[in-house]
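**Student:** Protein chains in written order, with the working numbering: chain A, 1118 to 1458; chain B, 3 to 613; chain C, 525 to 820; chain D, 8 to 565.
C-beta: ideal position from N, C-alpha, C; glycine also.
Below is a structure I'd like to ask you about.
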Amino acid sequence: MLKYVSRRVGVGLLQLLALTIAVFFIIRLLPADPVARLVGMNASPEAYAQAEQQLGLHRPLLTQLGVYLGFDPEIAPGLIQASLGVSWVTGEPVLKEIGTFLPVTLQLVTLAFVFAFVLSVPIGMAGALNPGGGADKGVFVYSLFAGSQPEFWWGLLLIYLCFFQWGIAPAPLGLLSPLTSAPEPITGFLLVDAVLRGRFDVLHEALSHLVLPVICLSFVVSGPIIKMIRQNMMRALQSDFILYGRSIGLPKKRIGRYALRAAMAPSMTIIGILYGFMLSGAVLIESVFSLNGIGQYAIRSVLNFDYPAIQGVVLVIAAVSLVIYLLLDLIQAAIDPRIVY
Amino acid sequence: MSNLEKPLLDARDLIVGYPSGGHYSRPVNGASLTIRPREVVGLIGDAGSGKSTLALALMGLVQAPGRILGGSVEFGGQDLTKLSEDELRAFRGRDISAIVQNPRGALNPLIRIGEQISNAYRAHTRATPAEGRAKAIEMLTMVGINDPERRVNAYAHELSGGMAQRAMIAMALAAKPRLLIADEPTSGLDVTIQAQLLDQMWQTVQDTESAILLVSQDLGAIANYCDRVLALHDGKIVEDAPVRQFFAMPQHDYSKEILGLHHAQGDRFPEQVSDAANDILEVEKLRMEFPVRNSDNVVHAVGDFRLNIKAGEAVGLVGESGSGKTTVGRCLVRLLDPTESIIRFDGFDIGSLDQRSMRKFRSRIQFVFQDPFDSVNPRWSVSDILIEPLRQLADMSRAERRKRAEEVMELVGLPVELLERKPRGLGAGILQRINIARALICEPEFLVLDEPTSVLAPRARNALIELLGKLQKELGIALLFITHDLTTVRYLCQRVAVMYLGQIVEEGSVEQVFTAPRHPYSQALLEAHLFPDPDHRRVDHPSDSALDGEIPSPIDLPTGCYLASRCPHADETCRSIPQNLSVLSDGQTVRCWKAEHEEEPAEMAPATKTG
Amino acid sequence: MNEFADTTFAAPKRRFNWLFAIGVTIVAGVTLLALIGPYIGPYDPTLTTPRVSVPPPSLSEIPGLLFGSFSNTLEHPPHWMGTDSSGYDVFSRVIAAPRTDLTIALAANFVSLGIGAVLGLLAGYFRNWGTELLMRVSDVLQSFPVFISAMVLVALAGRSMGNIVLALALVYTPIYIRLTRAEVLQKKVAGYVEAARAMGTPEIAIAFRHVLPNSMTPALIQSSVTIGFAILLTSGLSFVGAGVRPPTPEWGLSISTGANQIILGEWWPSVFPGIAISITVFGFAVLGNALEERYE
Amino acid sequence: MKRKNMSSPFLASVALAALLPVAASAQEILILAEDVPSGLDYDGPSAAVPASQQGMVNTMEPLVFYPKGEVNEDGVQLPDFSTIEGRLAESWTYDEETLTWTFKLREGVVGCGGATFNADDVLYTFARAKSVSGAAPIGWFLSNVSSIAGFDASVFGDDPAAKELGDEIVKIDDYTVQIKQSEPNALFLPALTAFGLLMFDKETMEAHATDADPWTHDWANATSSASFGAYCVSEWAKNEKIVYTANEDYFLGAPAIKKVTVQRVPQSSNRAVVLMSGQAQLASGLTPREYDSMRGRAGLAVSGVTGNESTFVHMNFDVEPFDNPKLREAIAYAVPYDQIIANGYFGQAEQWNGVVPSSYPGYKDVTSFTYDPEKAKALLAEAGYPEGAGLEAFGDAFQLTYVAEKESTLGPIVNIIQTALRGVGVPVTLNPIPLSQYGDRQLVKRDLGFAINDQEKPVVVDAGYGIQLFFVSPDKGGLNNMVNYSSDIVDETWAAARVEPDMEKRDAMVAEIQEQIASDIAWLPVVEYRTQWAHSERLKGQSWYADNAPRYFDLYIE
């Protein structure tokens, strides 16, 4: 078990290293260099050189890579020193910036996932219990429909209806109204911080701002989750051990519990993949609702050719995905004793 | 056993239907049967004949979307088909219980077996979880599982097939049902395990005074354990007779057909080939080891294997699963690269040839696989499947290939029209003939058959064995027939080799080995084999040469005789000294120093006589 | 009967036939529009009209407009779905968009299917350090956030259909590699593979002639879903500014340009293309599911 | 439909008022902006970002500035560009012989850090600019274009002495400073008004210096600025918001608005919505359509001024076939100016007939293109491409490039141009690219063939500066000649005008240059559009400056 986890983490680190190096070189292929943005209207060759030097771009590529990885801590701290470098746009450490953007996204996606999951399990089960019945058809069509929706469009639609037409939702302006001061961050997750700091006004406000985006994301993600639960549940109900359980007269409730447990184990992998996908796809909902999440940060970084920020974002998102995959694999192993590491 | 006793279960004109294309197909169509208290009844029928459907329907269970369309099942004065699901649930497990094939799939993989047995028990009693656990231990002890306190905490996948089947019997009998429906309980188990298990089941049921409905395709199991036999055909019970009568004088055509081979053979053994014939295959040495993933250990699949086969001779290679017999077959045709070998085919050492050089021998050595469905490419037409070897190995025109394909189809008794079909929808028997045809298309001199009949229903199996016998005589091909089915070997082969843990432990003519096995393992194997002979029922003759326990791990082999840990005759010498294969005076070889010294065939019941 | 009673062997085979029909109809309709959509609209989808932000006709106006357009008495053909802030006819663009969306989706799907199937075959059939490396690389690719990779690509080489196809293929190839590999791992131990080997067929020929064709089913079924999702992603990419170039008719682009106005009450430039995406992707999902039920 | 639209924002705002705290009291305002400052160091990496400049001009103070001029029809106070008055400098004298300016500094000016302004701060500011230690040396650049002695390219050499302040700027006493020019240059005083030469508070800056960062770039980029302006930074979360509080000691008097919060709301439609809901008092950077929909809405006002923002078509002389003058002219006649004004700017623009902002001193009307497709076709035929035949070969060249981030503003315009040009046979396609890439190609690579540009605003208010910036050959001192225009007449005349001390003569030369540029169609001017911002009706004191940043100091709530 421990051996398995450490092996996975080891392979993961190697993969992240490969990813880092790949991204490092790919973004340096970009046809535009970031220097122009800095020098602005003054494009004299001297100023250009000055700006280039400022960014460290005058060094040979491999030296830059070395600096980024942390082999030249005299020049600047790098990965080995737990630094993702400094953003070229804001001059802030990238790690610190990601630390403020990532929780927004994680919070949104996690809420949406929990919400979707809590709804989907009973719905998916209801479908599986009576296959081919009216309820099942409804559940099935719903799952296919929800799973194929453009969530950003639903976001716009909800804004139009709930905010513009009916006035029942707050303006799509991020987590807090501009005049509310956020509590001093502890974890970086606004909802958690609000509770920890006893700022329930902030909690209420943030939650009311999260209603629409969470509904949108949950709606979309509920499709595949319901479909998967329904399918796994059906498969479990068709399995030999359920038939056998019935043939020795186990009570209905017991049969249901057997089946649910068997349906959950294989669902974990897909949940992980969905979560990872949502994490990088949340950018659409973020921009519709002006949430300052990691997707917005990523877009801003790419648009501004902010190399350290791009590298940081890719690395962090990939790392988060890998960690989530690992966690869900471990949960699956906890549910299913056949999986041994 | 008294016929006057009131039936425990009485099913009348039972019809089970599955909707298909607007109407119902009826796998069970008017079946009637009775089971009396403490009676062991066999139900026999082809694969897909509806045996399992009927068995489940007797408990009021039908797999959706099927339904019971008519008839009645009377049990304890109530018609089960009229009961609500909740009332039925109470019946199941308490009054009628079941065990099914594939025990490891039928046990919940996520829950410890002790808890499962406890759940089954508590479903019908007011027992507390602690009492349930105690009951589980008690039941596991009863079905003969060692160390039940530890085993209750095991998961299904941690048990061997035989052990899982015992656990299932424990679960099924926990609430003391009056009828146990056993649906193919031993399919997929090795003969020695199968015998142990059926013995145990039989014994347990005797102790709990339950009745058994034993659903099986295996005539041996039916003959050895049942009091009465029912034959299911076309959805009806076509024959209902006491076991001896059934084997001696089957009435219905279907029964006659499945007993056909059994009757045709009689007591004769196949004729030996002439001593003058050349050895087509000489295996002087064959050793095969597989590395274990993430470990330095190796699996010793085959060690010190030696065998000669004469041109035109059929040799049976028998042994339980894990004995390495399939690996031997694959090494001989170089589907596997042996770790160490000298394999001479027609004088050439083919054991160490690279795949390219091996190609010129490919047309002379062919292989027939176990699973007929799996061994043909489902996307190709039969014709394409057949001529694939010709494309690879022969230089023929399209027309020549086609002609050859038609010839082999005729040879295996299939209509040429089938050539245009795809395998989808063809039965196992037909597909296995196609496989054999494909193996024969290059006119090989030597054919390895790896359990070619194990997935076939009795009728198809009989027909295929007859075909093989005929082909071998007509074409004069040498055969290595790998199987665990001793009945077939006895019918088809001139010589037989018995394998255990990667070694041949005994080898000789079929007559020698079957009538006078020298090695304790051969003795146990023959002993455990359920010959379809109701006159020498196992339950009537408790045997003493049964083996204990299960086969040791091939990773960590014993120092001395590999059988020592299970052999009833083993002593300190056996445990410490490795055994060599020695030729006895009558040409038989054996790997047992005791047998070698005795030089006397061990005494044995004439198990091969027919009824 | 209790609800468990008839659930046991529940595969509801071909039970959703009506749904399958809907899927086929939608997919066929979209395919037809991809062929003729750009030519049948009342306006050129890439040329503006002088009328900006015209709302769609109200229900009561429709009969009059219908009559007018058949009798040719109107000043100009009606804007059935209004016009957007640049003066494009929304209807003409909505029906011209499948050409773009479907082309991208199909190309992305088949590029990734082709590459994924071959790599998946190699990775599954020949297991060595090289293919192990391939799988690890594919893992890395899979953890690469799609929008970032697409935006980087677009920044690298400009907004073009080719680059979007490439970005999507990058996302989907690892999926196909995995799918095919998993199937190959099962199929490569099939009897017919060993049979082919026993008759001396070279490994590479076994891999391509026996294993690959028999391992394609899951990937082909996945295709329908993938095509649908590719349409979603294409529109999402347009939404973040990494999609096709304006004025190419593309649903996501229309939603994105209309998004700024929706909050001022100008809903039509976004809502109609959104409905089109919603229906189309649903159609592909339904079709994919029907295929899955049929062949698995 | 229409009626509903009018009423629902009201509903929405009622609901919002219930959900959210009431926005602002009389002393506070909330401003919605595309972005908040990314840094407050004008030599830092974020200086080119308008949002950062807005932060600088409100917290830092120049030596000199333009006085108030007239008030326009929207009630916007405009500067008087014809003269310059003192700010931190009370007065000055200029000695033409020695090219030396002597500034008498204002006494008793207290900054946010509590320090009092004096000559050391001026010296510090110029020394810092000359050190070129920041990422983008704007201070050096402005000093350089205004010919302050010693601020030449040698600062980028290896000689550390060249980076140090010499005798070109000297402290005479605590409140007197002398600055020497290397040649006569009329841009000197205008350049001192720009954001890139705002005065630093030496004391505070040095308090935050480190060994690695002696010029306090990091602190200025991350924490606050240090100067003597009307506002001080009190809270700053990058990418989110910045809060300013009034500098009660500001030398022009305590600001009326005591607290200004600038909130980042990236999407213009969202800024519009919040403003309409009454939560915020000012929003800028909306699309013309959004301004249009807000005009006349109860409680809101839209103020605008035809200042220095313009839209023009960029055709690169180094890219075929734009080197063909007839083709350039044909395109000039194929652009539907009136339709662009009506559908692209909702009437808030006028056709631009010059090449520098019409509000700048020295501007001259020099062009008069009309939308005339027939003439355009005739010119196209003259150019050798009748009906556009032969232009397909230049498909890549006709990608009309624009900044993707400005899609909502420029989208309708490029679509109109695209449709119109295709109507006369020019095979135009559209190519939106990110701003950074656009900037790189425009400024560094100079390879944009065909583009639409609405973001060039000469920071120094002078027609001549605009000319030097955009039209002079690079080797003759041109700075941002994005179309690779090269005219000997322009280069030579500017060389003379630049150092011409007689303003009348200079104006005549600058006019001559504009004529030449127009006849070559170096740029194709399209419109000058109004710089607009929407605000609460009660927020008065609107003013406009050449940097397009509002001055919070001027505002008050009625």
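#1: Along the chain, which unbroken stretches of the beta strand (DSSP E) at least 3 residues long are found entirely within the stretch 1125 to 1205 of chain A?
#2: Mind listing which residues of the stretch 1354 to 1383 of chain A have their C-beta closer than 8 angstroms to chain B's C-betas, in chain order?
#3: On the criterion of 16 or more Cβ atoms from any shown chain inside 10 Å, does A172 (chain B) qualify as buried, or is it exposed?
#4: Which chain C residues are close to S284 (chain D), counting only those with a beta carbon under 9 angstroms from its beta carbon?
#5: If you follow the alpha helix (DSSP H) that S636 (chain C) is part of, which residue opens it and which one closes it?
#6: What three-state label does DSSP hand E41 (chain B) in the structure shown?
#7: Apart from the five residues on each side of it in sequence, which residues of its chain come closer than 8 angstroms, Cβ to Cβ, to P380 (chain B)?
#8: If I follow the unbroken beta strand (DSSP E) through A290 (chain D), where does it start and stop?
#9: Taking I688 (chain C) and V768 (chain C) to be in contact with their CB atoms under 8 angstroms, please state how far apart those CB atoms are, rounded to whole angstroms.
#10: Checking 8 angstroms against the spacing of the C-beta atoms, do R461 (chain B) and D48 (chain B) come in under that value?
#11: Along chain B, which residues have their Cβ under 7 angstroms away from the Cβ of I1452 (chain A)?
#12: Between T570 (chain C) and S276 (chain D), what straight-line distance do the alpha-carbon atoms span, to the nearest angstrom?
#13: Report the residues of the stretch 778 to 791 of chain C with a CB closer than 9 angstroms to any CB of chain D, ordered along the chain.
#14: What would DSSP say about T741 (chain C), mapped onto helix, strand or coil?
#15: Does DSSP classify W495 (chain C) as helix, strand or coil?
#16: Under 8 angstroms between beta-carbons, which chain C residues line up against N460 (chain D)? List them in chain order, please.
#17: Just to confirm before moving on: does the CB-CB distance between F1394 (chain A) and Y1375 (chain A) stay below 8 angstroms?
#18: Check C594 (chain B) in the structure and name its three-state DSSP category.
#19: What does N379 (chain B) touch in chain C if you count any residue whose Cβ is under 9 angstroms from its own?
#20: Just checking my contact of D554 (chain D) with V64 (chain D) at CB under 8 angstroms: how many whole Å lie between their CB atoms?
#21: So which residues of chain D does D765 (chain C) contact, with C-beta pairs closer than 9 angstroms?
#22: Tell me which residues share the same chain as A339 (chain D) and place their Cβ nearer than 7 angstroms to its Cβ, disregarding the 5 neighbours each side in the sequence.
#23: At what residues does the alpha helix (DSSP H) containing K472 (chain B) begin and finish?
#24: If the cut is a Cβ gap below 9 angstroms, which residues of chain D does R769 (chain C) touch?
#25: So G723 (chain C) and Q394 (chain B) are in contact, right, with Cβ under 8 angstroms, and what is the actual spacing, rounded?
#26: Determine the burial state of P587 (chain C): buried for a count of at least 16 other Cβ atoms within 10 Å of its Cβ, exposed for fewer.
#27: Under a three-way DSSP split, which group does V75 (chain B) fall into?
#28: Starting from the C-beta of A31 (chain D), find all residues in its chain whose C-beta is less than 7 angstroms away, skip the five residues before and the five after it, and write them out in chain order.
#29: For the beta strand (DSSP E) holding E35 (chain D), just list the boundary residues, first then last.
#30: Listing by chain order, which chain C residues have their CB less than 8 angstroms from the CB of R28 (chain B)?
#31: Select from the stretch 1274 to 1287 of chain A all residues with a C-beta closer than 8 angstroms to any C-beta belonging to chain C, and list them in chain order.
#32: For P21 (chain B), which residues of its own chain have a beta-carbon under 6 angstroms away from its beta-carbon, when the five flanking residues on both sides are left out?
#33: Tell me the DSSP secondary structure of L1324 (chain A) in three-state form.
#34: Which residue from B:I484, B:L11 and B:G107 puts its Cα closest to that of F93 (chain B)?
#35: Kindly indicate the opening and closing residues of the alpha helix (DSSP H) around T517 (chain B).
**Tutor:** In this structure, then:
#1: none
#2: S1356, D1357, F1358, L1360, Y1361, G1362, R1363, S1364, I1365, G1366, L1367, P1368, K1369, R1371, Y1375, R1378, A1379 and A1382
#3: As a position in the second sequence, residue 172 (chain B) is number 170, starting the count at 1. With 16 or more other Cβ atoms within 10 Å, it is buried.
#4: Counting from 1 along the fourth sequence, the entry for residue 284 (chain D) is found at position 277. In chain order: nothing, as chain C lies at least about 11 angstroms away.
#5: As a working note, residue 636 (chain C) is residue 112 in the third sequence. That run of the alpha helix (DSSP H) goes V614 to Y649.
#6: As a working note, residue 41 (chain B) is residue 39 in the second sequence. Reduced to three states, the DSSP call for E41 (chain B) is coil.
#7: Against the second sequence, residue 380 (chain B) aligns to sequence position 378. Excluding residues within five positions, the ones whose Cβ falls inside 8 angstroms are K424, P425 and R426.
#8: On the fourth sequence, position 283 is the one that residue 290 (chain D) refers to. Unbroken beta strand (DSSP E) run through A290 (chain D): L289 to S291.
#9: The residue labelled residue 688 (chain C) in the question sits at position 164 within the third sequence. The residue labelled residue 768 (chain C) in the question sits at position 244 within the third sequence. Contact holds; Cβ gap of about 7 angstroms.
#10: Counted from its first residue, the second sequence places residue 461 (chain B) at position 459. Counted from its first residue, the second sequence places residue 48 (chain B) at position 46. A contact, by the Cβ cut-off of 8 angstroms.
#11: One-based indexing of the first sequence puts residue 1452 (chain A) at position 335. Neighbours of I1452 (chain A) on chain B, chain order: L112.
#12: Here residue 570 (chain C) corresponds to residue number 46 of the third sequence, with the count starting at 1. Here residue 276 (chain D) corresponds to residue number 269 of the fourth sequence, with the count starting at 1. Computed Cα separation, rounded: 25 angstroms.
#13: S780, T781, A783, N784, Q785, I786, I787, L788, G789 and E790
#14: For the purposes of this step, residue 741 (chain C) is taken as residue 217 along the third sequence, with counting starting at 1. Of the three classes helix, strand and coil, the one that applies to T741 (chain C) here is helix, per DSSP.
#15: No information on residue 495 (chain C) is available, as it lies outside the stretch 525 to 820 that chain C covers here.
#16: Your numbering for residue 460 (chain D) matches position 453 in the fourth sequence. Residues of chain C passing the Cβ test: none, with the nearest at roughly 17 angstroms.
#17: Locating residue 1394 (chain A) in the first sequence gives position 277, where the first residue counts as 1. Locating residue 1375 (chain A) in the first sequence gives position 258, where the first residue counts as 1. Contact flag unset, no.
#18: As a working note, residue 594 (chain B) is residue 592 in the second sequence. Looking at C594 (chain B) - three-state DSSP - the assignment turns out to be coil, as it is neither helix nor strand.
#19: In the second sequence, the residue the question calls residue 379 (chain B) occupies position 377. Neighbours of N379 (chain B) on chain C, chain order: A714, Y716, V717, A719, A720, R733, H734, P737 and N738.
#20: In the fourth sequence, counting from the first residue as 1, residue 554 (chain D) sits at position 547. In the fourth sequence, counting from the first residue as 1, residue 64 (chain D) sits at position 57. The Cβ separation is near 6 angstroms, so the contact holds.
#21: Against the third sequence, residue 765 (chain C) aligns to sequence position 241. Strictly speaking, residue 765 (chain C) in this sequence is Gly, with Asp absent from that position. Within chain D, the residues near G765 (chain C) are A411, E412, E414, P439 and P441.
#22: As a first step, residue 339 (chain D) is located in the fourth sequence; it is residue number 332 there, counting from the start. F376, I528 and L531, listed in sequence order.
#23: Your numbering for residue 472 (chain B) matches position 470 in the second sequence. First-last of the alpha helix (DSSP H) with K472 (chain B): P460 to L477.
#24: Mapped onto the third sequence, residue 769 (chain C) falls at position 245. Ordered by position in chain D, the residues that pass the 9 angstroms Cβ test against R769 (chain C) are Q406, T436, L437, N438 and P439.
#25: As a position in the third sequence, residue 723 (chain C) is number 199, starting the count at 1. As a position in the second sequence, residue 394 (chain B) is number 392, starting the count at 1. It should be pointed out that residue 723 (chain C) corresponds to Met in this sequence rather than to Gly. Sure, about 5 angstroms apart at Cβ, within 8 angstroms.
#26: Counting from one through the third sequence, the residue named residue 587 (chain C) turns up at place 63. Exposed, since its Cβ has fewer than 16 Cβ neighbours within 10 Å.
#27: To locate residue 75 (chain B), count along the second sequence from 1; it is residue 73. Looking at V75 (chain B) - three-state DSSP - the assignment turns out to be strand.
#28: In the fourth sequence, counting from the first residue as 1, residue 31 (chain D) sits at position 24. Here the model assigns A31 (chain D) a pLDDT of 43, short of 50, so the residue's position is not dependable, and the following value carries that caveat. Taken in chain order, the residues that qualify are L37 and Q288.
#29: Taking the fourth sequence and counting its residues from 1, one reaches residue 35 (chain D) at position 28. Per DSSP, E35 (chain D) belongs to the beta strand (DSSP E) from E35 to A40.
#30: Stepping through the second sequence from its first residue, residue 28 (chain B) is reached at position 26. The contact set of R28 (chain B) on chain C, defined by CB atoms closer than 8 angstroms, is empty, because the minimum CB distance reaches about 16 angstroms.
#31: L1274, I1276, Y1277, F1280 and F1281
#32: Locating residue 21 (chain B) in the second sequence gives position 19, counting from the first residue. P67.
#33: As a working note, residue 1324 (chain A) is residue 207 in the first sequence. Correct three-state label for L1324 (chain A): helix.
#34: As a first step, residue 93 (chain B) must be located in the second sequence, where it is residue number 91. Comparing Cα positions, the closest option is B:L11.
#35: Within the second sequence, the letter at position 515 stands for residue 517 (chain B). Residues V512 to T517.
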